[in-house]
Amino acid sequence: MPAHPDSASFPLTASSALPDTLRELLRTQAPTAVLLAGIDNQVLRLSVDSPTTSASDLTPPDAWFDSGELSWLTRDGALLGLLWSMSPMPAAAVQMLTLLLSAGRSDMAQREADVLMTQLPEGVAWLSDDLVFQQISRRFLELHQLSAGQVIGLPFAAVFPKRRATGELLIKAAAGHSVSQEREWLPSESAASPPSGGRWLRSQMRPYYGGAAAGVLWTMQDISQEVSLSARVQALLLGARLPTAVLSAGGEVLERSLSLRRALPDISDPHHALLWDWPIWIQPAKAEQQLKDALARALSQPQQRFECRLQVVGGESVSVSVCWSEDASDPLPQTVDALPVAEFRFDNQLSSASPHSSLLSGVIAHSPQATLLLGAADDSGERPLWLASEAAAKLLGVHASLLSVPGGAPLGSLLRALGIQLARPDLTPLSAVTLTTQASAASSDDGQTSALDAVLTRPDGSRRHLQISAARLSAEGAARRDEPLALYLHDVTTVRSLEHRLKHDALHDPLTGLPNWTGLRARLSATEGSASDKAAYSVIAFCLDDFGVLQAALGRQSGDHLLIQVAARLHHWREGVQVARLEGEQFALVAPALSSSEAMALAREVQLVLTPTMRVGGREVLVSASVGVAYGPLAGPQRHERLDTLLEQARTALLSARRTGRAGRQMYTPELSGREAGQLALEHDLHLAVPSQLTLLFQPMVNFATGRVQGAEVLLRWQHPTRGLLSPAQFLPLAERAGLLPTLGRWVVAEAVAQRQRWQRAYPKVRLSLNLSAAELLDQDVLGELGQHLSEVGGLDIELGAGSLLGQAAAEETSAALTRLREAGAHLWVDDFGDGASSLTALERFPLSGVKLHPSFVANLLGGPRPLALLEGTVALARKLNLEVIAVGVETQAQAALLEQAGCQAAQGFLYSPPLTEAEFERWLGTQVLD
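Under my numbering, the residue at position 98 of the sequence shown is numbered 92, and the numbers go up by one with no gaps.
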C-alpha cells in the first residue's frame, strides 16, 4: 500500500517525535482533550485538531476551571503534564499519557519504556532506528501469533521477510517521517486465522523518542470486520434495482443508495440512525411499529419479503419492503451479522396544504429570536416542527435548511437525526415530548410560560445552556394538545459560565486548582451521615519553610510554580485525604479515622513527600515544611464549627512548630493556646513599639595582638514597657510573621549609620558590625540602600547567619549580593559558625572576610583536649583560607589565653564588656587605648 505522510520530515529528537506520539495517543484515546506536557525543559500544548504551541509553564488556563474535567499527570511526585477535556476522560488515557511522558524523560530508566509498550491495549512495537525490535505489546503478539522470543532483538526483515512494503514504510519512519498504511493483508500462516483466512491491518509508523533511545513506534489495528462489512454493504448497493437502505440487524442505517439519496434530497445523511427515526415519516409512531415488525419477521424468515405502506413528508406514499439481503441458502449469514435491506417504492404524490402562510414563514425565519414553531401534538405527545428561525438553526448548530422539512417533521426524531441532544441541568436526558408538554402545561393565561432550564449538545459536541420559554398561539382557555406552540430558545451560556466560575472561584484556589478551606468544607459535607462521618478526623496544617527567601531569590513566577508542584504531589497522594490551600505557602489536609499517634505519623509522611527536589526556574530546589496537627471527632449538629476549630488548633500547633526551626512538627495541646495567646499579645505590642521602644546596644570586639578595640557588634533590643528588655530571639519571629522585618531592618541600618557618622571623628577606626538576614540580603531595595550607606560612611561590617549560606537555591544571588557589599567596603563575617548548620564549602564559595565562632566553642574550651583540638582545627582551616577568626562569648582570662594560643585574631564577650548603650559604650571607650 502507498504511504501517506502526514507531517513534514524532521530530525529524530524528543522535540519532534514525542509530541507526535502523544498526539496520536490523544487521537485514539481522548480526541477532544488538550494536553499540557513538560518535554525537554519546555512546556507544549497539544491537541488533535490544532498545531502544537508552547506555554510558559504547567499552569492550567483559567478557562479550564470554568467547565470540563482536569487531570494531573504525575509520577513519583513529579508533575509531568495536565490533561483537560469537556467530556470525561478514560482512565486508560490518563494512565498511558502518564507512562509515555515518564518514558520520554531523559532521566527515566529503560524499564519505564518497557512497561509502557507492554501495557498498551493496541498492537504496538518499538523498533530501533535500524529496525530491530526493542519491545512489543501483548496485542502485537496476539495479532501475529508469535512469542516475545521470536521478535525482540531481531530485525524486522528477519521476523517478517515477505512484508516488504511495510518494511519500506518503517524505513521512512526511521528517517523522520510519520507515515500510515491504510490496509495490509496478513495471511493466515502468520496470524490467528479467522474464517476468512487472514487479517486486515491498519498501521501508523512514527518516529519515537523514549528515555535515551530513539527509533520507530509502530501501531496497528485489526480492521478485518470493518473491511468485510464495507465490502458487503457496497456489494449490496451495487446490485440494488430500487432505492435501497442497508440496515444492521437492529435497524440502524449503514448506508443508502444513490437513488434513495436522490429520492429524498432534503433529508440529512441518516448514517447510523435507526430507520424509523428518520425525520421523513408523517406518522412516526406508525412507521416505527410497522418497520420494527417487518424487520423482526424478515430476520426470522429469510426467504420472505415484508412490506409496509407509509407516507413521507410532502404527502407522498411509499411502499417499504424489508427482506434478507443475501441468499438464504448461503451459510455466511449464520456466522456473521445479518444485513437486511429496506427497498423503497414511491408511487403517488398527494396534496398537502401548508400549515402556515408564506408571510408567517418569512417573519419567523428572519426573527432575531431563536424560535421554533410546532404543530399540534399526536397521541404520543410528539409535535411536528413547522418553522424554525435562522437564529434557532445557528443556536442548534445546523444549517437552517435542515430544519425546514416539507409538511413538518417530528421534533424529537428530527433532533436525533441531526445529532442534537437536550438534557436537564443535571445532564439527564430531556425528550422533546417532555419539553413541549412541560412548556405547554406551564403556560399562563396571557400565553407565556415560565422558562425551563436545559443543556443543549450540538452536533459538533459543543454545549450551550438554554432557557426555553413557550407561547401558545391561542390564549383562550386552558392549554390543549391540539393547538400549535411556539418555543423561544434563550442562550444563557455566558451567564451560566460566569455563575459556574464565581462558584468555582469561591471554593477553589485560583493558582493550584485545589479547594480552599470553604471548598474543602463543602466536600466533607458530602460524607455527612456516612460511616466515615462517625470517625474522628485529623487536620494537618503545614507551610513551606523559608518560602519568602526562595521567592525573593527565584522570582514570584517561580514561587507560584513551586506551589503548583507541591499541590500536584499532594493532590492524589493518599486515598481519603482531602487537601486545601489556605493562603500563601500554607496548606491543610483532612483525613478521617486516625488516632492522634497515626495523625503525627501522617504529618511525617507529608514532610517526606515534599523531600525530593523540585525543578523550579531551571534549577533543583530542596524544600521542607513545618507541620501542625489537631485531632478530634466531627460528628454532631455543629460539624462545620468543629472542623473550623480543628483547623484553628492545627494552625496554632503550626505556629509552635515553626518556632522550633525548619521541618518542625507539633501536635496541638490546650497549653499551646495560652502560649500562643501571649505571643499574639506580644505581636500586638510590637506594632506599637516600632520605633519608639527599640534601642541599639554595642558590644566591643578586642584584638588579641594589640589589645585594642577593633569594632563593636550592633545588637537590637526591645524595651517593653512591662516585660523589660527583650532580646531579638523573643520578638524577631513575631516580627517575621507580622511582616515587620523589613521595617526593623531599615531602622537598624539607619540608626547604625547615623551612629557611625557621629563617631566618625572621635573613633574613626571603630567599625560597627550589623546582622543581616538571608531575606534582607536578597532584597534588592535593602541591598541598594545599604550599598549607598557603605559608600557614604564606611566602617560598616555585615554579619550573616551560618544557616543563611546553606543550600543551592539562591547560591548565585547570594554570591552576587556579597560581592556587591564587599566592593562597597564592608567586611563580611559568618556568625555562629560551627553550630551544626554551617557549611564549610560556604567559606570558599563566598567572598568572606572571616568567621565568628559559635559561643559553644568557648563554653566547652576548658572541658578537655577534644574541644581544644576542634577549635584549633577550625582556626587552622580558616587561616588557610585567609579568613580572620573572632571568638564570641569569652568570659575568663583562661579562655582568652587558649583562644589567642589557637590563633584567633579577636574576641568578644563579658570578659571585656557586656552589651552597652550608646552613652555607656562611649564612657567605656574613654577607658581604652585607641589608635
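Glycine included, every Cβ here is placed at the ideal spot set by N, Cα and C.
For clarity, every value in this text was computed on a predicted model and none was experimentally measured.
- Item | Secondary structure, alpha helix (DSSP H): runs of 4+ residues fully inside the stretch 843 to 883 | If we require 4 residues or more, the alpha helix (DSSP H) runs fully inside the stretch 843 to 883 come out as 849 to 853 and 859 to 874.
- Message: Measuring CB atoms only, is the stretch 172 to 180 touching the stretch 125 to 133, in the sense that at least three cross pairs come out at less than 8 Å?
- Response: no
- Message: Along the chain, where does the beta strand (DSSP E) containing R613 start, and where does it finish?
- Response: Walking along the sequence shown from the start, residue 613 turns up at place 619. Start and end: R613 to V615.
- Item | Per-residue DSSP class, three states only, for L64 | Position 70 of the sequence shown, counted from the start, is the residue given in the question as residue 64. Three-state result, L64: strand.
- Message: With a threshold of 7 Å on Cβ separation, who are the neighbours of L230 within its own chain once the five nearest residues in sequence on each side are excluded?
- Response: As a working note, residue 230 is residue 236 in the sequence shown. Excluding residues within five positions, the ones whose Cβ falls inside 7 Å are V240, S319, L333 and V335.
- Specify, as a first and last residue, the run of the beta strand (DSSP E) that S50 falls within. Here the question's residue 50 lines up with position 56 in the sequence shown. S50 -> no beta strand (DSSP E), and no H or E assigned at all.
- Task: Starting from the Cα of V787, find the closest Cα among W823, L719, G858 and E745 and give me that residue.
- Result: Locating residue 787 in the sequence shown gives position 793, where the first residue counts as 1. If we check each option's Cα against that of V787, E745 comes out closest.
- Looking at C-alpha atoms only, which residue of T213, V316 and F725 is the closest neighbour of L674? The sequence position of residue 674 within the sequence shown is 680, counting from 1. It is F725 whose Cα lies nearest to the Cα of L674.
- Query: In chain order, what residues of the same chain have a beta carbon less than 7 Å from the beta carbon of D51, not counting five sequence neighbours either side?
  - Reply: By one-based count along the sequence shown, residue 51 stands at place 57. Excluding sequence positions up to five before and after D51, its CB lies within less than 7 Å of the CB of V37 and H555, all in the same chain and listed in chain order.
- Just tell me which of H678, R452 and P627 has its CA closest to the CA of A530. Working through the sequence shown from its first residue, we reach residue 530 at position 536. Answer by Cα proximity: P627.
- Give every residue of the same chain whose Cβ lies closer than 8 Å to the Cβ of L446, excluding the five residues on either side of it in the sequence, and list them in chain order. Reading the sequence shown from its first residue, position 452 is the one you call residue 446. Excluding positions up to five away in sequence, the list reads L429, Q432, A433, A436, Q461, I462 and S463.
- Take every Cβ of the stretch 879 to 897, pair it with every Cβ of the stretch 845 to 852, and state whether three or more of those distances are shorter than 8 Å. A contact exists between the stretch 879 to 897 and the stretch 845 to 852.
- Where E707 falls: helix, strand or coil (DSSP): Within the sequence shown, residue 707 is the residue found at index 713, counting from 1. DSSP places E707 in strand when its eight states are reduced to three.
- Straight-line gap, D679 to Q895 (C-alpha atoms, nearest Å): Numbered from its first residue, the sequence shown carries residue 679 at position 685. Numbered from its first residue, the sequence shown carries residue 895 at position 901. Straight-line Cα distance between these residues: approximately 47 Å.
- Message: Looking at A729: is its Cβ nearer than 7 Å to the Cβ of L738?
- Response: Stepping through the sequence shown from its first residue, residue 729 is reached at position 735. Stepping through the sequence shown from its first residue, residue 738 is reached at position 744. Closer than 7 Å, so yes.
- Which residues in the same chain as A49 place their Cβ atom closer than 8 Å to its Cβ, once the five residues preceding and following it in sequence are excluded? Translated into the one-based positions of the sequence shown, residue 49 becomes position 55. For A49, where only same-chain residues beyond five positions count, the Cβ hits under 8 Å are L30, V37, L38 and R39.
- Query: Since Q129 is in the beta strand (DSSP E), which residue starts that stretch and which ends it?
  - Reply: Here residue 129 refers to the residue found at position 135 when the sequence shown is read from its first residue. In the DSSP assignment, Q129 falls within the beta strand (DSSP E) that extends over F127 to I130.
- Task: From the DSSP output, read off the bridge partner residues of W275.
- Result: Here the question's residue 275 lines up with position 281 in the sequence shown. According to DSSP, which records beta bridges pairwise, W275 is partnered with V306.
- Message: On a Cα-Cα basis, can you pick out the residue from F904, P362 and L641 that is closest to M695?
- Response: Taking the first residue of the sequence shown as 1, we reach residue 695 at position 701. Per the Cα distances, F904.
- For the putative contact between A942 and Q643, defined by C-beta atoms under 8 Å, what is the C-beta separation to the nearest angstrom? Limits of the chain in this structure are -5 at one end and 925 at the other, which puts residue 942 out of reach.
- If we ignore side chains and look at the alpha-carbon of each, how far apart do S61 and L481 end up? Taking the first residue of the sequence shown as 1, we reach residue 61 at position 67. Taking the first residue of the sequence shown as 1, we reach residue 481 at position 487. Approximately 27 Å between the Cα atoms of the pair.
- Message: Taking 6 Å as the limit between beta carbons, can you name the residues of its chain near V571, skipping five residues before and five after?
- Response: Taking the sequence shown and counting its residues from 1, the one referred to as residue 571 is at position 577. Correct list, in chain order: L583 and A585.
- Between the stretch 748 to 756 and the stretch 771 to 781, do at least 3 Cβ pairs fall closer than 8 Å? no
- Task: State the Cα-Cα distance for the pair F541 and G553, rounded to the nearest angstrom.
- Result: In the sequence shown, counting from the first residue as 1, residue 541 sits at position 547. In the sequence shown, counting from the first residue as 1, residue 553 sits at position 559. Taking the straight line from one Cα to the other gives about 8 Å.
- Hey, would you say H565 sits closer than 7 Å to W66, going by beta carbons? The sequence position of residue 565 within the sequence shown is 571, counting from 1. The sequence position of residue 66 within the sequence shown is 72, counting from 1. Yes, Cβ-Cβ distance for H565 and W66 is below 7 Å.
- Item | Residues of its chain near G455, where Cβ-Cβ distance is below 7 Å and the 5 sequence neighbours each way are ignored | Your numbering for residue 455 matches position 461 in the sequence shown. Around G455: T26.
- Message: Please return the same chain residues whose Cβ sits closer than 7 Å to the Cβ of W275, not counting the five positions on each side in sequence.
- Response: Here residue 275 refers to the residue found at position 281 when the sequence shown is read from its first residue. So the list reads A281, L304 and V306, once near-sequence residues are dropped.
- Reducing DSSP to helix, strand and coil, say where T431 ends up. Stepping through the sequence shown from its first residue, residue 431 is reached at position 437. DSSP places T431 in helix when its eight states are reduced to three.
- Query: Buried or exposed: where does H783 fall if 16 or more other Cβ atoms within 10 Å of its Cβ makes it buried?
  - Reply: On the sequence shown, position 789 is the one that residue 783 refers to. When all chains shown are included, H783 counts as buried.
- Taking Cβ positions, are A411 and A267 nearer each other than 7 Å? Here residue 411 is taken as the residue at index 417 of the sequence shown, counted from 1. Here residue 267 is taken as the residue at index 273 of the sequence shown, counted from 1. Against a cut-off of 7 Å, the Cβ pair of A267 and A411 comes out as a contact.
- Query: Around the Cβ of H393, are there at least 16 other Cβ atoms within 10 angstroms (buried) or fewer (exposed)?
  - Reply: Taking the sequence shown and counting its residues from 1, the one referred to as residue 393 is at position 399. When all chains shown are included, H393 counts as exposed.
- Whose CA, out of Q693, S686 and S81, lies closest to the CA of W712? Numbered from 1 along the sequence shown, position 718 holds the residue referred to as residue 712. Of the candidates Q693, S686 and S81, the one whose C-alpha sits nearest the C-alpha of W712 is S686.
- Specify the secondary structure class of S184 as computed by DSSP and reduced to three states. For the purposes of this step, residue 184 is identified with residue 190 of the sequence shown, where counting begins at 1. At S184 the pLDDT is 48, less than 50, meaning the model places this residue with poor confidence and gives no usable figure here.
- Message: According to DSSP, L366 sits in a beta bridge with which residue or residues?
- Response: If you number the sequence shown from 1, residue 366 lands on position 372. Residue pairing by DSSP places L366 opposite A382 and L481 in a beta bridge.
- Message: Give me the residue from S361, L735, E477 and P155 with the minimum Cα distance to A465.
- Response: The residue given as residue 465 occupies position 471 in the sequence shown. Among S361, L735, E477 and P155, the Cα nearest to that of A465 is on E477.
- Query: With C-beta atoms as the reference, is V600 less than 7 Å away from R659?
  - Reply: Here the question's residue 600 lines up with position 606 in the sequence shown. Here the question's residue 659 lines up with position 665 in the sequence shown. Not a contact, by the Cβ cut-off of 7 Å.
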